[in-house]
Amino acid sequence: MTKPEHPTVALVGPGAIGTTIAAALHEAGRTPALFGRTAHERLELRFDGGRIVVPGPVQNDPAKIETRFDLVFVAVKSTQIAATAPWLSALCNEKTVVCVLQNGVEQKSLIAPYLPGSPVLPSVVWFPAQREADASVWLRARARLTLPDVPENSAVLAALYGTRCAVDVAADFVSVAWRKLLQNAVAGLMVLTGRRSGMFSRADIATLSLAYLRECLDVARAEGATLGDEVPQEIVDAFQRYPADMGTSILADRQTGRPLEWDCRNGVVQRCGRARGVPTPISDLVVPILAAASDGPG
Ligand SMILES: NC(=O)c1ccc[n+]([C@@H]2O[C@H](COP(=O)([O-])OP(=O)(O)OC[C@H]3O[C@@H](n4cnc5c(N)ncnc54)[C@H](OP(=O)(O)O)[C@@H]3O)[C@@H](O)[C@H]2O)c1
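1 is the number of the first residue of the sequence shown in UniProt numbering; add one for each residue after it.
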């Protein structure tokens, strides 16, 4: 296969996921320009068997940007998109491919209002990465993304070609994205208990998780996803196999008092269920509790 031409790449939001992608690009000699809320001299990714230091700096003033990029990865939380508007207008033009590295099934509609008509490429982010107290990031599994089978994916495939972040393309991206959403939705239960993956070894939590996942599955199918009856059990089995101390980014946010991505991970099931006439009794209990934990008042 011929080595593709590499686009100019910027990354907004160098947190757990952003640092992983930046490190993969840097290791392949394609260091991206870094933009974030907090200035850092460098980024550091740790993983089994090594570490990668990505030279910065992470620029934190959008007013200083003079260049538009071919490809912009956006790896902020969904709750932070509106605040990235100054970055998006400074870095993107109508040709820039904006690849959103976020959980959820609504990446396009959430970010499009802040872009100058740029094409948006949603993705499914499959790897767990966590920010450590010293601002380094611990990558806890092999990095992998799934992209939809659309022409815009060529910029991301070229940028990440031959890097430690594998990229696959799904003909039925809707189904892949909803499958990941089911996983995210049930991980939200960790916020309610304040516990990590080990809690799924409890029989009562496994039963509740299966019931919640079956509700999410009904909604996913109503939204056009093709997912089998076995998916809820597969997801519970996977949580039971994870290391007991494996968390989830929404739990990390809860434990550090940050806003939660409750709407894009859990609220979406309730909203889509209501729009499609699918009952969501478990969401009706879980979503207000997550929303209140995130946003208060009180
Ligand atoms: N972490 C995981 O294992 C994982 C796995 C799959 C999917 N995801 C999804 O990936 C997305 C990113 O998650 P994450 O865990 O990487 O989050 P994160 O570690 O909190 O990283 C977010 C980054 O965005 C920066 N940021 C916040 N507001 C900004 C602004 N206005 N302008 C520029 N940068 C800004 C943050 O800066 P500060 O340093 O100032 O906070 C931080 O560097 C989420 O949707 C999450 O659900 C995460």
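Just so you know, even glycine gets a beta-carbon here, dropped at the ideal spot from N, CA and C.
Computed from a predicted model, the values in this text were never measured in an experiment.
(request) Let me know the secondary structure DSSP gives W126 once reduced to three states. (result) coil
(message) For D284, count the other beta carbons within 10 Å of its own beta carbon; 16 or more makes it buried, fewer makes it exposed. Which is it?
(response) exposed
(request) Output yes or no for whether 7 Å exceeds the beta carbon distance between E234 and C272. (result) no
(message) Following a CB-centred definition, is P86 positioned closer than 6 Å to any heavy atom of ligand 1?
(response) no
(message) Quick check on the burial criterion: 16 or more other C-beta atoms within 10 angstroms. Buried or exposed for V124?
(response) buried
(message) Quick check: what's the CA-CA separation for I65 versus T20?
(response) 23 Å
(request) Kindly examine ligand 1 and report whether one of its heavy atoms sits closer than 6 Å to the Cβ of I21. (result) no
(request) Report the residue from K95, A23, P122 and V167 whose alpha carbon sits nearest the alpha carbon of L101. (result) P122
(message) Are the CB atoms of F73 and L160 within a distance shorter than 7 Å?
(response) no
(message) Quick check: what's the CA-CA separation for Y242 versus T67?
(response) 43 Å
(message) Taking its Cβ as the centre, do 16 or more other Cβ atoms sit within 10 Å of T193, making it buried, or is it exposed?
(response) exposed
(request) On a CA-only basis, which of E41, W178 and L189 is nearest D134? Give me that one, please. (result) E41
(request) Pair every Cβ in the stretch 30 to 45 with every Cβ in the stretch 134 to 154, then say whether three or more of these pairs are closer than 8 Å. (result) yes
(request) Please name the residue in R30, L88, I52 and P7 whose C-alpha comes closest to that of G36. (result) L88
(message) T256 and M190 - do their beta-carbons sit closer together than 7 Å?
(response) no
(message) Given 6 Å as the limit, tell me if T38 has its C-beta closer than that to any heavy atom belonging to ligand 1.
(response) yes
(message) For a test of the three-state rule: what should DSSP assign to G50, helix, strand or coil?
(response) strand
(message) Taking only three categories from DSSP, how would you classify C216?
(response) helix
(message) Tell me the residue span of the alpha helix (DSSP H) that contains V236.
(response) V231 to R241
(request) Can you say whether R51 is buried or exposed, counting buried as having 16 or more other CB atoms within 10 angstroms of its CB? (result) exposed
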